[in-house]
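Every letter in the sequence shown is one number past the one before it in our numbering, and letter 7, counting from 1, is 10.
First the structure, in the form of structure tokens, and then the observations on it.
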Amino acid sequence: MIAHEAITEHHYHGNSGLNQIVKTKQCHQGWSERYQSWIVDDDKVLDAIEGDTEAGGCIIDWHACDLFPQNWIDLIVVLRVNSATLYDRLKSRNYGESKLQENLDSEIMDVLLQEAREAFHEDIVIELISNTSEDMENNVARIEEWIGRWSIDNCTTF
């Protein structure tokens, strides 16, 4: 994925990285046969990554944000996609029917965007459309621009 490759150069906790932490550090409550994935224990995940986040400058790529403490977060980017494109992407990743439908329903009903706006100040919640490769490239550029400004404002680099 374009965004993953471009942004992983920085201090990054990506979806696959957090999934690995869930698995290797036992940050779960077992396996869901229905969804073919781990049942994530949010508290254990937070405990597992807390040390890495203390200094700031982390990018956390995860399917939800409301579990993270507000003082960890400077910006929330909610990537949006139309249902047909999302279906094709999830199908190509071999998502099972239950997990696929849950993701589609979540996108259609704006679940992640609403959760972000309810859990954090609306000023730090950004919604970006990610239907095409061009959209994704533009989104990466915007995020990299934000990272640059954040680094200057915080006198640090990622």
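Ideal placement from N, C-alpha and C gives every residue a C-beta, glycine not left out.
Values in this document were obtained by computation on a predicted structure and should not be read as measured data.
N- and C-terminal bounds of the beta strand (DSSP E) containing residue 36:
Counting along the chain, residue 36 falls outside any beta strand (DSSP E), and DSSP gives it neither H nor E.
Out of 68, 110, 67, 72, which has the shortest C-alpha to C-alpha gap to residue 53?
Between residue 53 and the set 68, 110, 67, 72, the nearest pair of CA atoms involves 72.
Any alpha helix (DSSP H) of 4 or more consecutive residues that is wholly inside the region 45-117
Fully enclosed alpha helix (DSSP H) runs of 4 or longer: 45-56, 86-95, 100-111.
Span of the beta strand (DSSP E) around residue 130:
Looking at the DSSP string, the run of the beta strand (DSSP E) that includes residue 130 is 128-132.
Measuring straight from C-alpha to C-alpha, what distance separates residue 113 and residue 79?
Roughly 15 Å between the two C-alpha positions.
Going by DSSP, name the residue or residues bridged to residue 43.
Answer is 31, bridged to residue 43.
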